[in-house]
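**Q**
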Amino acid sequence: MSDSALKRFHERHQQVLQDTSKALLDAGIARIYFGLNFYNDEGDAADYAVIEYTDGRTETLSHWHPLLDMDVFVEVPYCNAYVFDAQDASVKEDLQGGLIDVAEGDSRAYHTPEQREEWELLAEEMPDEIDIEAQMWEYNMRLQYGLEALAERLTSRGVARMYFGVDAIDGTYPMSDYAVLHHKDGRIETLGALPDFVDESVFSDLPQYGAFVFDAQQKQVSEDLEGSFVFSDQGWARAYHTPERKAQLEALLEEA
């Protein structure tokens with residue numbers, strides 16, 4: 002990693018880094034480990050934070066730490082694992098962590114050995130050299146008439162977009178037990194399954210499991226970039242769209 006690139010980052014955000022340092026020390030925090038994933042040709046804030054307190058305690062969170070200004074810290078020069086040291090208000094490369102290639106164009110940051118193992122297991126589940134954009138284009142072209150019919154049913158009910166998921170459980174790929182409907186009037190409706198008027202067979206040929214969105218105006222299915230899926234070492238992966246569902250799935254992991 003280029004020291005000059007990090008140096009320019011520090012120069013641009015010197016005041017924010019100093020303010021963050023003071024806030025962390027006031028909260029009894031010495032360091033926060035964080036990461037920047039690489040996804041879809043862009044940097045994306047990793048959903049973890051490992052906190053080292055001044056009294057020696059450590060804590061691992063499954064989300065970005067709120068005391069780190071995301072708009073600033075995602076401007077680190079490269080996708081990687083980092084540590085912010087409150088003692089000297091500096092961002093450094095996390096030498097204990099790193100980046101794991103999960104799929105083509107998808108690399109995830111980690112700090113702990115457990116996080117690294119989770120991404121390695123996910124990488125084993127993903128198809129080799131997947132080109133999801135090309136596969137989604139082919140799917141939308143092939144299912145054009147079915148998707149047009151679905152768009153008509155959604156539009157007639159005032160629905161602009163429908164978020165849904167496909168799970169992976171023991172070699173099967175059932176529809177996830179949620180659907181989130183975004184109505185044209187701004188209402189958001191969360192259901193425990195696809196609506197009755199939706200023929201789920203139109204989704205049976207999706208190229209992979211995960212979280213998806215159907216846009217009734219464009220009449221196309223695409224990846225849900227707000228959602229994703231939670232992977233279990235017991236062999237299942239379950240999709241989510243909302244933070245609440247993600248938290249429910251993570252609770253299942255803890256109970257296992």
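Here my numbering runs 1 ahead of the position in the sequence shown, where the first position is 1. Each residue gets a CB set at the ideal place from its N, CA and C atoms; glycine is no exception. These figures come from a predicted structure and were not determined experimentally.
(1) Judging by CA-CA distance, which residue of Val222, Ala6 and Glu227 is the nearest neighbour of Tyr146?
(2) To the nearest angstrom, how far is it from the Cα of Arg58 to the Cα of Phe39?
(3) Applying the 10 Å Cβ sphere with the 16-neighbour rule, what's the burial state of Glu245?
(4) Can you tell which of Gln15, His14 and His66 has the C-alpha that lies nearest to the C-alpha of Gly36?
(5) Are the Cβ atoms of Gln19 and Ala90 separated by less than 8 Å?
(6) Return the first residue and the last residue of the alpha helix (DSSP H) that Lys23 is part of.
(7) Can you tell me which of the three DSSP states Asp45 falls into?
(8) Between Glu139, Val73, Gly236 and His112, which has its C-alpha nearest Glu12's C-alpha?
(9) Can you check which of these residues, Asp102, Ala161 and Pro114, is closest to Ala124 by C-alpha distance?
(10) Write down every uninterrupted run of the beta strand (DSSP E) in the stretch 102-170 whose length is 3 residues or greater and which is fully enclosed by it, in chain order.
**A** Straight from the coordinates:
(1) Along the sequence shown, one-based indexing puts residue 146 at 145. Measuring C-alpha to C-alpha distances from Tyr146 to each of Val222, Ala6 and Glu227 identifies Val222 as the nearest.
(2) The residue given as residue 58 occupies position 57 in the sequence shown. The residue given as residue 39 occupies position 38 in the sequence shown. Spanning the alpha carbons of Arg58 and Phe39 requires a straight line of approximately 30 Å.
(3) Sequence index remark: in the sequence shown, residue 245 carries index 244 (1-based). With fewer than 16 other Cβ atoms within 10 Å, it is exposed.
(4) Position 35 of the sequence shown, counted from the start, is the residue given in the question as residue 36. That would be His66, whose Cα lies nearest to the Cα of Gly36.
(5) As a working note, residue 19 is residue 18 in the sequence shown. As a working note, residue 90 is residue 89 in the sequence shown. Judged by their CB atoms, Gln19 and Ala90 are nearer to each other than the 8 Å cut-off.
(6) As a position in the sequence shown, residue 23 is number 22, starting the count at 1. Per DSSP, Lys23 belongs to the alpha helix (DSSP H) from Gln15 to Asp27.
(7) By one-based count along the sequence shown, residue 45 stands at place 44. DSSP places Asp45 in strand when its eight states are reduced to three.
(8) Here residue 12 refers to the residue found at position 11 when the sequence shown is read from its first residue. Considering only alpha carbons, the answer is Val73.
(9) Counted from its first residue, the sequence shown places residue 124 at position 123. Taking only the C-alpha atoms, the option nearest Ala124 is Asp102.
(10) 107-111 and 160-167, all fully within the stretch 102-170.
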